[in-house]
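So the sequence lines, in the order shown, correspond to chains V and L.
Per the numbering used here, the very first residue in the first sequence carries number 1; after that it's consecutive.
Per the numbering used here, the very first residue in the second sequence carries number 1; after that it's consecutive.
Ideal Cβ placement from N, Cα and C applies to all residues, glycine included.
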Amino acid sequence: MSRAETAVPGVRWRWTFGLFRSELLTTLRRWRTLALLGVLVAVPVLIGVAVRIETGGGAPGGGGGGEGPAFISQVTNNGLFLVFAALAATLPFFLPMAVAVVAGDAVAGEASAGTLRYLLVAPAGRTRLLLTKYATVLAFCLVATLAVAVSALTVGALLFPLGDLTTISGTRIGFAEGLVRALLIALVVAASLVGVAALGLFVSTLTNSGIAAMATTVGLLITVQILDHIPQLHALHPYFFSHYWLSFADLMREPVYWENLTRNLGLQALYAAVFGSAAWARFTAKDITS
Amino acid sequence: MAPHDTDGNTTAGEADEPSRARRRAARYVVPVTVMGVAAATIGLVPALADSGDPDLPEITAAQLIEKIAKSDVEQLSGTVKITTDLGLPDLGGLESSLASGAMSQGEDDGSAADPATRLTALASGTHTLRVATDGPERQKLSLLEDAAEYSLIHNGKDVWGYDSESNEVYHGTVDEPVGKAEEERPPATPKDFAEEALKSVDDTTSVTVDGTAQVAGRDAYKLVIKPEQPGSTVGAISVAVDHRTGMPLKFTLTPAAGGAAVVDVGFTKVSFDKPAASTFDFTPPKGAKVTEEGDLDKGGRPEHEPEKDLGKGPDGMTMLGEGWTTVATFDTGGAGLPAGGFLDSLGDKVKGDFGTGTVFSTRLINALVTEDGTVYAGAVTKQALVKAAEEAK
């Protein structure tokens, strides 16, 4: 489809990067995106303040006993655990919802605004435009996850003590290594959203209505999460993109337990390949009327 | 009709539409291929990885048993997958609260980090464990849970239990560092189970070597233990023994009635290198609730769980018969089960010289509770159980 393939490679790459940058800036400047990021930043603040009030007067630690998101019982003793608790709290819904909104809007939003054909007038080619859109959504996954992590780290440092931490296997690691693990966990969480991003992009190429694409993607997200909790469907569970999401906690074991982590990353790559290529098949063959 | 659907592109104008549609459809071959390749990979890789049974020198059953006995693995770390399917109704928490009922009257009395409470969870379902051993003084056993872990660490004189989910710590001490902690905990590794099974081997048992297998990437002999006495519910026990170290790597108990294994414990990963010393270091994290061993002993902690002991019976029990069809009996002192109660509906009514009673069945263990409160239990069939009870009267 693209007729600009004869351009000089260097120029083409610079042009692609320019497109990516302008796409990313457009996405991040939208009020909708800023509101989503605002919600994500607020979640750790809410958890931190709630835990602080709850344990404010009484003896720290102890109680609670396995209620609420993972890691929550350790937050009072080490603020770094708020990063893990906040990611565990946002990963099931808030983070993928934000990604679903951005991914669903990627192509369908342009179509409904009537700007898609202008984008295609530029000598970009549909494949490259789609890749740029996907790269933008992936960049948003990372930005959103880091927003949660940085907010949680700030709140954790302000409200709770920091220091050496105990891994869930009972061994101790220094604060610096804890920070490295926190960063690694944030990256794994961001990578866990790759599947939803690809799914959202595919849905986005199916329709010309941005709202419909967002609603469908969020709907699929909720449906899959519900199906993942129906025990009779256990044979299908390993293939749901959300099934291994909480495996990021395995990075806090000593030694790290890789089995579910690698399964999660492999599954996300599979979703990216299947729905990414399906989006390509749809988008490059589609009649662009608006 | 679709007369234009020809390969020759002769009538350019008219053939344009269908061939464009075809080209569009052709693009979807890519995602479908990706999915197909992925499905094939998922299906084929395990089959390819299974490189067949390894070739090992012939060995007799007696030699293999001796190899297990002589095994002196001091250092080890690995991952164990344990699946138990006793065929009990899924009672969830009820089951573990029954097992630890003697210890804590209310949930609040106990500690979430107490080993006696936690390791009973292994009695049903599938669990992943991590084990590490460095000599007789240092062992660690961790039960992996979703985003949490329960660790039992034995280091010198200290025994620590740490539950990361509730951030609670249990602390106990052992006077003689050697062995005691090992004996106190319920069986969890293939070795524990294999040793229990080998204790039951006698002249009513057939023990054979049944070829070889690969377990956790290591070549192993398969030892099959089969009770020959009629009336046992144990079908066969298969133990995979590492050919180099003599360490049992996998233990499978299949019931005589067939179906899935009742107990299946095996290493999925194993290494005989020395584990890092830091593995066994434990200091209670700041703010964790620490329960000392003494605090719990008020209520008298049960030392063993009856249903997990294959060979020996706890105190106060009389053993009837011998070998695999041993039936344990004890007097509850009570008046048996209230007739028509809820528990009654779970079992079958039987009559015999002992009066009337109720038989509760699982896939492995059958238990008979008589009117006068005597309990007979064993890994035997219902008929054999009733017969043993009649003979006892």
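Check	Outcome
Report, in whole angstroms, the separation of the C-beta atoms of Gly-104 of chain V and Val-194 of chain V, which I expect to be a contact under 8 Å.	No, Gly-104 of chain V and Val-194 of chain V are not in contact; Cβ-Cβ is about 15 Å, not under 8 Å.
What does DSSP give as the partner residue(s) for Thr-291 of chain L in the beta ladder?	L:Tyr-170
My output table needs one value for Trp-258 of chain V: the three-state DSSP class, helix, strand or coil.	coil
Answer yes or no: does any C-beta atom of chain V fall closer than 7 Å to that of Arg-138 of chain L?	no
Can you tell me where the alpha helix (DSSP H) with Val-196 of chain V in it begins and where it stops?	194-206
Let me see if you follow: with CB-CB separation under 7 Å, is Ile-53 of chain V close to chain L or not?	no
On a Cα-Cα basis, can you pick out the residue from V:Leu-199, V:Tyr-134, V:Asp-228 and V:Ile-230 that is closest to Ala-215 of chain V?	V:Leu-199
Which residues, in chain order, does the stretch 68-89 of chain V contribute to contact with chain L at a C-beta distance below 8 Å?	Ala-70, Phe-71, Ser-73, Gln-74, Thr-76, Asn-77, Asn-78 and Ala-88
Taking beta-carbon pairs under 7 Å, can you tell me which members of the stretch 227-260 of chain V lie near chain L?	Leu-246, Ala-249, Arg-253 and Tyr-257
Looking at Val-375 of chain L and Ile-82 of chain L, is the spacing between their C-beta atoms short of 7 Å?	no
Are the C-beta of Val-354 of chain L and some C-beta of chain V separated by less than 7 Å?	In the sequence on display, residue 354 of chain L carries Phe and not Val. With 7 Å as the cut-off, Phe-354 of chain L does not count as an interface residue toward chain V.
Taking only beta-carbon positions, decide if Asp-287 of chain V is within less than 7 Å of chain L.	no
Is it right to say His-234 of chain V is buried, meaning 16 or more other beta carbons lie within 10 angstroms of its own, or is it exposed?	exposed
Can you list, in chain order, the residues of its chain with a C-beta nearer than 6 Å to that of Asp-108 of chain L? Leave out the 5 residues immediately preceding and following it.	Annotation note: pLDDT 44 at Asp-108 of chain L (below 50); position unreliable, no value reported.
Check whether the stretch 211-218 of chain L and the stretch 240-257 of chain L touch, using three or more Cβ-Cβ pairs below 8 Å as the test.	yes
Just how far apart, CA to CA, sit Gly-231 of chain L and Asp-53 of chain L?	33 Å
Taking the alpha carbon of Asp-203 of chain L as the reference point, which residue from L:Ala-147, L:Ser-142, L:Ala-261 and L:Trp-324 has its own alpha carbon closest?	L:Trp-324
Closer than 6 Å by C-beta to Asp-163 of chain L: which residues in its own chain qualify, once you throw out the five before and the five after it? Chain order, please.	Ala-112, Ala-113 and Tyr-150
Might you give, ordered along the chain, the residues of its own chain that have their beta carbon closer than 8 Å to the beta carbon of Leu-294 of chain V, omitting 5 neighbours on each side?	Here chain V comprises residues numbered 1 to 290, so residue 294 of chain V is not present and cannot be evaluated.
Is the beta carbon of Ala-248 of chain V less than 7 Å from the beta carbon of Ile-185 of chain V?	Sequence inspection shows Phe at residue 248 of chain V; the Ala mentioned does not correspond to that position. Yes, Cβ-Cβ distance for Phe-248 of chain V and Ile-185 of chain V is below 7 Å.
Along chain L, in chain order, which residues have C-beta atoms closer than 7 Å to that of Ser-169 of chain V?	Ser-142, Glu-149 and Ser-151
Would you say Tyr-28 of chain L lies against chain V (beta-carbon separation less than 7 Å)?	yes
In chain order, what residues of the stretch 33-59 of chain L put their CB closer than 7 Å to some CB of chain V?	Val-34, Met-35 and Ala-38
Ala-379 of chain L by DSSP, collapsed to three states: which one?	coil
Kindly identify the DSSP beta-bridge partner or partners of Pro-255 of chain L.	L:Val-234
Suppose contacts are defined by Cβ-Cβ distances below 7 Å. Is Asp-164 of chain V in contact with Gly-174 of chain V by that definition?	yes
For the stretch 162-190 of chain V, list every residue whose C-beta sits within 7 Å of some C-beta in chain L, in sequence order.	Thr-166, Ile-168, Ser-169, Gly-170, Thr-171 and Arg-172
What I want to know is whether the C-beta of Trp-13 of chain V ends up closer than 6 Å to one or more non-hydrogen atoms of the ligand SAH.	This structure lacks the ligand SAH; in fact it carries no ligand of any kind.
Can you find a C-beta in chain V that's less than 7 Å from the C-beta of Pro-31 of chain L?	yes
According to DSSP, is Lys-67 of chain L part of a helix, a strand, or is it coil?	helix
Measure how close the beta-carbons of Leu-385 of chain L and Leu-364 of chain L come, nearest whole angstrom, since I'm counting them as under 8 Å.	Incorrect: roughly 12 Å between the Cβ atoms, too far for contact.
Could you tell me the boundaries of the alpha helix (DSSP H) in which Trp-31 of chain V lies?	31-55
Compare the C-beta of Tyr-162 of chain L against all C-beta atoms of chain V and say whether one is closer than 7 Å.	yes
The beta strand (DSSP E) that contains Lys-269 of chain L, what's its start and end?	263-271
For Val-196 of chain V versus Pro-69 of chain V, is the C-beta spacing smaller than 7 Å?	no
Would Phe-267 of chain L pass as an interface residue toward chain V - the criterion being a Cβ-Cβ separation below 7 Å?	no
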